[in-house]
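In what follows, a structure is listed as structure tokens, so that the remarks can point back to it.
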Amino acid sequence: MPNKSGMKALFGAKCPQCREGNLFPVSVISYRKLSVVNKKCSVCGAVFSPEPDFFYGAMYISYAFSVALIITVLTAINVLVTKPELWMYLTTIVIGNIALMPLMLRYSKVVYLYLVGKLKYRGA
Ligand SMILES: [Zn+2]
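Using the numbering used here, read the sequence shown as starting at 3 and increasing by one per residue.
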């Protein structure tokens, strides 16, 4: 069986150990069950949340995503608009944050689990 790439598994929000099981019960872009992470991998049985409130630390990564979004929006508006006004920044940032909220929340947990969770890829 071909070795699955870690990046592909990360972007697909798959289990870090087998790279097949899903981390979330719904799609990563869904607004439903925003805070829910599967307790165990349905394929290999790896425990995604080794301790209570494990994903609390993911909020730092989520914060970094938000800051990155704000910097991107500010730069884009400064480049694209000749005389930008304050409301342009504010509405774009608010809309961008709401639109990307499921992605930022879920991928902050995925990145956190891949970085801090002690699950290593075991091959297939
Ligand atoms: Zn697994």
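Cβ coordinates follow ideal geometry from the N, Cα and C atoms, glycine included.
From a predicted model like this one, the values you see are computed outputs, not experimental measurements.
Supposed close pair residue i, residue j - CB separation, criterion 8 angstroms
| i | j | result |
| --- | --- | --- |
| V75 | I100 | About 13 angstroms separates the two Cβ atoms, so there is no contact after all. |
Pairwise C-alpha distance: residue j and residue i
| i | j | result |
| --- | --- | --- |
| L115 | F50 | 8 angstroms |
| G98 | L105 | 11 angstroms |
| V39 | T84 | 44 angstroms |
| V81 | M90 | 13 angstroms |
| M3 | E87 | Its pLDDT being 43, under 50, M3 is placed unreliably in this model, and the value from its coordinates should be taken loosely. Each residue's Cα considered, the two are about 55 angstroms apart. |
| G47 | L71 | 35 angstroms |
| F26 | S37 | 9 angstroms |
| K122 | S29 | 24 angstroms |
| A78 | V45 | 42 angstroms |
| F13 | L102 | 15 angstroms |
| K111 | V69 | 16 angstroms |
Delimiting residues of the alpha helix (DSSP H) encompassing residue i
| i | result |
| --- | --- |
| Y109 | L88 to V118 |
| G8 | G8 to F13 |
| A70 | A60 to L82 |
CB contact flag (residue i, residue j, <7 angstroms)
| i | j | result |
| --- | --- | --- |
| Q19 | R108 | no |
| K6 | R21 | yes |
| G8 | C17 | no |
Closer than 5 angstroms: residues whose CB approaches a heavy atom of ligand 1:
In chain order, the hits are C17, Q19, C20, G23, C43, V45, C46 and A48.
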